[in-house]
Each structure stands twice: as structure tokens, then as C-alpha cells.
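Those letters in the sequence shown? Residues 10 to 445, per the numbering used here, in order.
Encoded as C-alpha cells, the structure appears first; notes follow it.
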Amino acid sequence: MYFDVRAAKLLAPGEHLTVSGCPGLRLEATASRKAWTYRYRSPVTGKLKQVKIGEYPAMPAPAAAAAWDQLRQQRAEGVDVKAVKSEKVRAARAAAATETYTVRRLVDDYVTGHLEGGRKEAGALATRRALERLLDEEEAFAEMRADQVTRATCFDILDARKATPTAAQKLRSELGSAWEYALDAGRLDGNVPNWWRTVMRGRLKSKGKVIAGRHVGQQRRALRDDEVSQLLAWLPNMHELGRDATQMYLWTCTRGAEFLGMRAEHVTEERDGWWWTAPKEATKNARFENAVDLRVPLVGRALKIVKRRLKGVGEAGWLFADEEGGQYTQHSFSTYIYDLQPYSAKRKRHGSDGAHLKALPVTGWTPHSLRRTGRTMLAALGCPEEIAEAILGHMPEGIVGTYNAYSYDKERREWLGKLSKHLEALVAQAGLPARP
Numbered sequence: 010m011y012f013d014v015r016a017a018k019l020l021a022p023g024e025h026l027t028v029s030g031c032p033g034l035r036l037e038a039t040a041s042r043k044a045w046t047y048r049y050r051s052p053v054t055g056k057l058k059q060v061k062i063g064e065y066p067a068m069p070a071p072a073a074a075a076a077w078d079q080l081r082q083q084r085a086e087g088v089d090v091k092a093v094k095s096e097k098v099r100a101a102r103a104a105a106a107t108e109t110y111t112v113r114r115l116v117d118d119y120v121t122g123h124l125e126g127g128r129k130e131a132g133a134l135a136t137r138r139a140l141e142r143l144l145d146e147e148e149a150f151a152e153m154r155a156d157q158v159t160r161a162t163c164f165d166i167l168d169a170r171k172a173t174p175t176a177a178q179k180l181r182s183e184l185g186s187a188w189e190y191a192l193d194a195g196r197l198d199g200n201v202p203n204w205w206r207t208v209m210r211g212r213l214k215s216k217g218k219v220i221a222g223r224h225v226g227q228q229r230r231a232l233r234d235d236e237v238s239q240l241l242a243w244l245p246n247m248h249e250l251g252r253d254a255t256q257m258y259l260w261t262c263t264r265g266a267e268f269l270g271m272r273a274e275h276v277t278e279e280r281d282g283w284w285w286t287a288p289k290e291a292t293k294n295a296r297f298e299n300a301v302d303l304r305v306p307l308v309g310r311a312l313k314i315v316k317r318r319l320k321g322v323g324e325a326g327w328l329f330a331d332e333e334g335g336q337y338t339q340h341s342f343s344t345y346i347y348d349l350q351p352y353s354a355k356r357k358r359h360g361s362d363g364a365h366l367k368a369l370p371v372t373g374w375t376p377h378s379l380r381r382t383g384r385t386m387l388a389a390l391g392c393p394e395e396i397a398e399a400i401l402g403h404m405p406e407g408i409v410g411t412y413n414a415y416s417y418d419k420e421r422r423e424w425l426g427k428l429s430k431h432l433e434a435l436v437a438q439a440g441l442p443a444r445p
């Protein structure tokens with residue numbers, strides 16, 4: 010047997026290769042793939058037939074030759090291998106058609122076929138749990154035929170959860186995606202309506218966060234300069250990770266999930282100073298085809314914090330590691346900040362004694378508010394819109410995002426430097442030493 014790998018690589022759509030020593034074995038190319046086939050004359054009818062063996066290069070030449078040899082022996086015994094394969098396919102389709110395609114099966118297909126591998130692990134896990142919880146709570150719905158789910162059924166499912174509109178809206182979105190996946194895969198007839206995309210549309214709106222048992226509405230909080238000064242003065246009351254994370258938010262304007270995922274190999278000293286490069290897949294823009302790695306110049310306190318943490322990196326490689334050496338997460342930091350708020354139930358349970366339980370002097374904010382604060386300060390300092398948005402790691406919209414590939418590295422460093430000076434001025438107002 011002789012197989013020319015180079016010729017196979019150069020095979021154009023519509024062309025084929027034969028394999029020396031294996032009569033009837035061919036490698037055929039189409040516009041999208043290359044496939045092994047066995048061409049033979051039927052021992053029953055004498056007509057020329059062809060059966061697919063496998064796809065190349067997933068099936069290498071030796072494996073294709075072995076499969077060809079088995080088919081050739083079957084033909085020699087009087088078996089029409091094409092007819093046998095066709096009958097097996099028809100039987101499998103008939104068996105599948107008789108099975109009831111329930112909502113539970115539809116959701117399982119969506120989870121395994123789309124969520125797993127298509128999203129980040131944490132997000133896929135949270136969605137899977139939400140969908141499984143729904144099916145456990147609504148057993149009759151879970152065992153319904155997916156093609157018989159009515160508009161009224163969808164409405165009742167969502168209406169029963171309108172007290173938590175944000176969760177209900179996410180559930181509505183995921184179920185709509187699950188139905189679309191089943192329609193695309195042909196597991197539902199194309200005429201089956203996807204009611205999840207129309208039912209309760211625009212009606213599941215959050216009333217805003219709940220603090221101390223009451224709705225406070227939707228808040229887009231940005232701290233004032235005097236509040237930032239107070240917060241920076243209060244930093245010694247936080248544990249080290251809390252202090253560092255708070256300052257990294259303000260001095261870099263990046264997302265917590267991004268800088269808390271920093272590793273030693275992401276930090277470099279270049280000709281114009283120190284840089285942290287967050288890989289595209291570790292950013293919120295990972296889902297966009299045109300997205301690139303996020304380049305962040307390290308200046309002021311951000312640089313001091315990173316240099317200090319580089320000296321203590323553990324085996325796992327995280328700069329911001331928890332007590333067990335694992336990554337300190339954005340969720341952990343958000344929980345920590347909430348527990349320091351005066352309205353936190355945890356503070357009320359444990360009292361206010363002890364430095365780690367002292368209430369924050371600036372209240373009603375979340376870690377994301379610090380990122381918004383930094384962005385607001387950049388605007389107040391006169392930073393141009395496109396540079397400020399580049400610093401935040403936001404993707405340019407429309408045609409600008411497609412054609413403007415300029416990275417704004419020089420401008421990022423310039424304006425984060427100005428922001429650092431402004432923040433240090435606020436530190437000075439609080440009478441604090443100029444160190445992180």
C-alpha cells in the first residue's frame with residue numbers, strides 16, 4: 010500500500026485519489042471535507058456502488074485500508090455492503106422516530122451539544138443547574154413532548170417566576186436558545202414555534218437590588234472624589250487581598266475577573282514600562298471574533314502591587330491567590346465588600362467588634378462601581394472617549410471596530426498615569442502616605 014500525503018493535502022474539490030494496492034479505495038474531496046470511500050460492483054445486481062468509510066485526516070490511511078479490507082471480504086462473500094449500511098441507517102432513523110422527544114431530552118441535548126464546550130465552565134455549569142432545577146420543579150413540563158409545548162405553557166412557567174424577574178428572564182433566554190438548537194439540529198420540525206422568544210417579552214424587568222429587605226432601584230453608582238478619599242483612607246481595615254483588589258480596580262479600570270486572573274507570564278517589562286496583557290480568552294470580549302488581548306499599562310499603585318505579588322507567586326501561578334493557593338475570584342471579593350457594608354446581614358449577626366468587621370465609611374457600592382468610578386474620573390480629566398473605552402477594554406462598535414486596529418498603547422499609559430496622579434492627590438487629602 011502506498012499513500013501520498015502531500016497529494017491528499019493538495020486535493021481540490023471534485024477530485025479523488027486512489028490507493029495503490031487497495032483497489033476500490035478512494036479519497037474524495039468536496040468543498041468542505043475529504044472522505045474515504047469504497048467503490049465496487051454489487052454481487053447482487055452487478056451495478057457500480059460506493060459506500061463511505063470515514064473522513065480524512067480523522068481516519069488515517071492505514072485505518073481506511075483496514076476498513077476497506079473488511080468491506081472487500083464481505084463483498085467476496087456475496088454481501089452488498091452499501092445495501093446493508095443503508096438498511097442500518099433506515100432502522101436507526103425509524104427507532105429514533107418512535108422515541109418521544111421530551112423537553113428533558115431537548116434540554117439535555119442543548120447542554121451537551123451547545124453549553125459544554127461552547128461557554129466558559131462556570132457559566133455553563135450555572136446555566137445547566139438552572140435548567141435542571143426547572144425540570145425538577147416542573148415534572149409534567151419536563152416529560153411533555155417538546156413539539157407540543159404551547160404558548161400558554163411557556164407563559165405559565167415564566168409567570169410563576171416573575172417575582173425574580175432577572176432569573177426568569179435568563180431562564181426565558183436559555184429555553185429560547187435550547188429550542189433554537191433543537192430546530193437547527195432537526196430534532197424538532199421546522200414548523201414548531203419557539204414561543205420562548207415571544208412570550209413575556211419586555212415584561213420581566215428587575216426592580217433593582219434589594220438592600221435590608223427593600224428595593225433601592227437600579228443603581229449606577231460612581232463614587233465622588235471625597236468618597237474615594239474616604240475609602241482609600243479606610244484601606245488598612247481590609248485584608249491584603251481586599252486592599253489590593255480595591256486599588257487595582259481604581260488604578261487600572263479593568264474588570265475584577267480580568268485582573269484577579271493575572272499570572273506571572275502575563276506581566277512583562279517593555280521599553281516604555283511595565284505591561285499586563287490579559288489573554289483574549291480571559292476577557293469578557295472572548296466571544297467576539299475581532300477581539301484581541303487586553304493590554305494594560307501598569308502605573309502607580311497598580312505597578313507596586315503587581316511587583317510585590319510577583320515575588321510571592323505560588324506553584325499555581327496566580328498573582329491574586331487565596332489562602333489555599335487557588336485564584337481569588339471576583340465573586341469572593343464582591344461577597345467580602347458586601348459583608349463590610351453596614352446593612353450586611355453578616356455584620357449584624359457577628360456584631361461590629363474587630364477590624365475585619367468594621368463597617369465601610371462609604372456605602373451603597375459594589376466592586377463594579379470602582380470600575381465605573383475610574384471611567385468617570387477619566388472623563389472628568391478630559392480623556393478622549395475612544396481612549397477611555399480602550400482602557401476599559403470595550404470593543405469599538407460597528408465599522409470602527411472592524412477597521413480601526415490601533416491599540417492606543419501610548420495613550421493608555423498617558424491617561425492611566427494622569428488618573429494615578431489624581432488618585433494620589435485624593436490620598437494626600439486624606440493625610441495618608443503615598444504607598445499601596
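Positions of the beta carbon are idealized from the N, C-alpha and C atoms, including for glycine.
Look at the Cβ atom of LEU36, then the Cβ atom of LYS43, and state whether they are nearer than 8 Å.
The answer is yes: Cβ separation under 8 Å.
Once DSSP output is grouped into helix, strand and coil, what is the label at GLN157?
GLN157: helix per DSSP, three-state reduction.
Thinking just about the alpha-carbon of each residue, which of THR121, ARG114, ARG181 is nearest to the one in GLU148?
For the residues THR121, ARG114, ARG181, the minimum Cα distance to GLU148 belongs to ARG114.
Go through its chain and collect everything with a Cβ distance to ALA266's Cβ below 7 Å, but skip five positions before and after it.
Result list for ALA266: GLN339, in chain order.
Measuring alpha carbon to alpha carbon, tell me which residue in MET68, ASN200, MET247, GLY126 is nearest TYR347.
Looking at the Cα atoms, MET247 is the closest of the given residues.
Roughly how many whole angstroms lie between the Cα atoms of LYS179 and SER353?
Whole-angstrom Cα-Cα distance: 26 Å.
Looking at C-alpha atoms only, which residue of SER343, GLU332, PRO306 is the closest neighbour of SER416?
The candidate whose alpha carbon is nearest that of SER416 is PRO306.
Let me know if TYR11 comes out buried or exposed under the rule of 16 or more other beta-carbons within 10 Å of its beta-carbon.
It counts as exposed.
From the DSSP output, in three-state form, read off TYR347 for me.
TYR347: helix per DSSP, three-state reduction.
Whose CA, out of LEU144, THR173, GLU152, ARG181, lies closest to the CA of ARG160?
For ARG160, the nearest C-alpha among the options comes from ARG181.
Which residues in the same chain have their Cβ closer than 6 Å to the Cβ of TRP327, if we skip the five residues on either side of it in sequence?
Only GLN336 meet the Cβ criterion.
Report yes if the C-beta distance between LEU432 and LEU259 is below 8 Å; otherwise report no.
Yes, the Cβ-Cβ distance between LEU432 and LEU259 is below 8 Å.
Identify, in the order they occur along the chain, each residue of the same chain with its Cβ nearer than 6 Å to the Cβ of TRP243, setting aside the five sequence neighbours on each side.
Counting only Cβ-Cβ distances below 6 Å, and skipping sequence neighbours, we find PRO370.
Indicate whether THR382 and LEU167 have their beta-carbon atoms separated by less than 8 Å.
Cβ atoms of THR382 and LEU167: not closer than 8 Å.
Does the distance from the C-beta atom of LEU80 to that of VAL53 stay below 8 Å?
No.
Since I believe LEU250 is in contact with PHE329 (beta carbons under 8 Å), could you give me their beta-carbon distance rounded to a whole number of angstroms?
Confirmed, Cβ separation roughly 7 Å.
Taking the straight line between their C-alpha atoms, what separation do you get for SER95 and PHE150?
SER95 and PHE150: Cα-Cα distance of roughly 36 Å.
Enumerate, from N- to C-terminal direction, the unbroken alpha helix (DSSP H) stretches of 4 or more residues contained entirely within the segment 56 to 115.
With a minimum length of 4 residues, the continuous alpha helix (DSSP H) runs that stay inside the segment 56 to 115 are 70 to 85, 90 to 107.
On the DSSP bridge assignment, give the partners of TRP45 in chain order.
The partner list for TRP45 (beta bridge, DSSP) reads LEU36, GLY63.
For HIS377, report the span of its alpha helix (DSSP H) as first-last.
376 to 389 is the span of the alpha helix (DSSP H), which, as asked, contains HIS377.
Use the C-beta contact count for PHE297: other C-beta atoms within 10 angstroms, 16 or more gives buried, fewer gives exposed.
Label assigned to PHE297: exposed.
Taking only three categories from DSSP, how would you classify THR286?
Correct three-state label for THR286: strand.
Give me the residue from LEU26, SER378, SER51 with the minimum Cα distance to ARG4.
The chain is shown from 10 up to 445; residue 4 falls before or after that span and cannot be answered.
Measure the CB-CB distance between GLY23 and TRP45 and report whether it falls below 8 Å.
It is not a contact, given that the beta carbons lie outside the stated cut-off.
Cα-Cα, which of HIS403, ALA399, MET404, ALA70 is closest to LEU425?
Cα-wise, what sits closest to LEU425 is ALA399.
DSSP three-state label for PRO306, please.
Strand.
Within the same chain, show all residues whose beta-carbon is closer than 8 Å to that of PRO351, passing over the 5 residues directly before and after it, in chain order.
Correct list, in chain order: ALA368, LEU369, THR372.
Can you tell which of VAL201, LEU349, ALA177 has the C-alpha that lies nearest to the C-alpha of LEU143?
Taking only the C-alpha atoms, the option nearest LEU143 is ALA177.
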